[in-house]
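Contents: one structure, followed by commentary.
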Amino acid sequence: MKHMKVGGLMTDDVVTVVPATSFRDVAKLLAEHDISGVPVVDEDDRVVGVVSESDLLARHELTARDLMTAPAVTVHAEETVADAARLMVRRGVERLPVVDEEERLVGIVTRRDLLRVYLRPDSEIRRRIREDVLSDAMDLPGDAVDVHVLDGVATLGGRLRRRSQAQMLAGLAERVDGVVAVVDRLTFHEDDARPTSPTRTPHDMSW
Numbered sequence: 013m014k015h016m017k018v019g020g021l022m023t024d025d026v027v028t029v030v031p032a033t034s035f036r037d038v039a040k041l042l043a044e045h046d047i048s049g050v051p052v053v054d055e056d057d058r059v060v061g062v063v064s065e066s067d068l069l070a071r072h073e074l075t076a077r078d079l080m081t082a083p084a085v086t087v088h089a090e091e092t093v094a095d096a097a098r099l100m101v102r103r104g105v106e107r108l109p110v111v112d113e114e115e116r117l118v119g120i121v122t123r124r125d126l127l128r129v130y131l132r133p134d135s136e137i138r139r140r141i142r143e144d145v146l147s148d149a150m151d152l153p154g155d156a157v158d159v160h161v162l163d164g165v166a167t168l169g170g171r172l173r174r175r176s177q178a179q180m181l182a183g184l185a186e187r188v189d190g191v192v193a194v195v196d197r198l199t200f201h202e203d204d205a206r207p208t209s210p211t212r213t214p215h216d217m218s219w
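In this note's numbering, the protein residues as written are 13 to 219.
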């Protein structure tokens, strides 16, 4: 199943500073570009830290090296948006520099960028569930079940052959980018999730 990747949301024209950049120059860049933080990179374009507005609140005449938070919390372009969002929450950061395999800066993604995913139109979410989950992941017809989406809440209805299919469908639908919650109204013909009782033989019986 396809998941939106960080590389599809990131800004690749990144405003950066070097460790020797002065306090005044950092503050000026944030104001000029209307941004709340900048990555600090070394001579090889590798991220060594991040300076945010909160780092500048001390208002000392320092350099980026003195102000920055290090080591920087970064992500790779191939990571999913959901993983990036969880990392932001876990580490309490507002932005993530995006790096390549050699840890060189290739872009930046902010909380505002990630929130755009959850503003995806309901019609697009419905289409993704039908195409990516039903057709691609589960090899079922796109209209095998009824899919309704309202404000990011996906309601699944209909009857499938097996209980395991219904469980898989609900689980995969929850992972579709933009889905806030899933209402599972699926039914099934065969409950293949119940353990079967072992067949008893005369040797197993107590006389």
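Yeah, the Cβ is synthetic: ideal placement off N, Cα and C, and Gly gets one too. Computed from a predicted structure; not experimentally measured.
By the three-class DSSP mapping on this structure, what secondary structure does residue i have?
i	result
E65	helix
G190	coil
V26	coil
S48	coil
L146	helix
A185	helix
D87	With the sequence shown as reference, residue 87 is identified as Val, and Asp is not the correct amino acid for it. Here V87 sits in strand by DSSP.
Can you tell me whether residue i is buried or exposed? The criterion is at least 16 other CB atoms within 10 Å of its CB, across all chains shown.
i	result
L42	buried
P51	buried
D78	exposed
R171	exposed
P133	exposed
A5	An answer regarding residue 5 cannot be provided, because it is not within the stretch 13 to 219 covered by the chain.
V192	exposed
G20	exposed
P109	buried
What residue does the beta strand (DSSP E) around residue i start on, and which one ends it?
i	result
V159	D158 to L162
V194	A193 to E202
L172	V165 to R174
According to DSSP, what are the bridge partners of residue i?
i	result
K40	Per DSSP, none; premise fails for K40.
G119	V110
T33	Partner(s): none; T33 has no beta bridge.
V59	V53
Any C-beta of chain C sitting closer than 8 Å to the C-beta of residue i?
i	result
V87	Structure shown: chain C not included; a single protein chain is present.
Identify the continuous alpha helix (DSSP H) that holds residue i and give its terminal residues.
i	result
D134	D134 to R140
Next item on the list: Decide if the segment 98 to 107 is in contact with the segment 142 to 157; the criterion is three or more beta carbon pairs, one per stretch, under 8 Å apart.
Entry: no
Margin query: Three or more C-beta pairs under 8 Å: does that hold for the segment 124 to 137 against the segment 44 to 63?
Written below: no
Next item on the list: Take every Cβ of the segment 195 to 206, pair it with every Cβ of the segment 162 to 176, and state whether three or more of those distances are shorter than 8 Å.
Entry: yes
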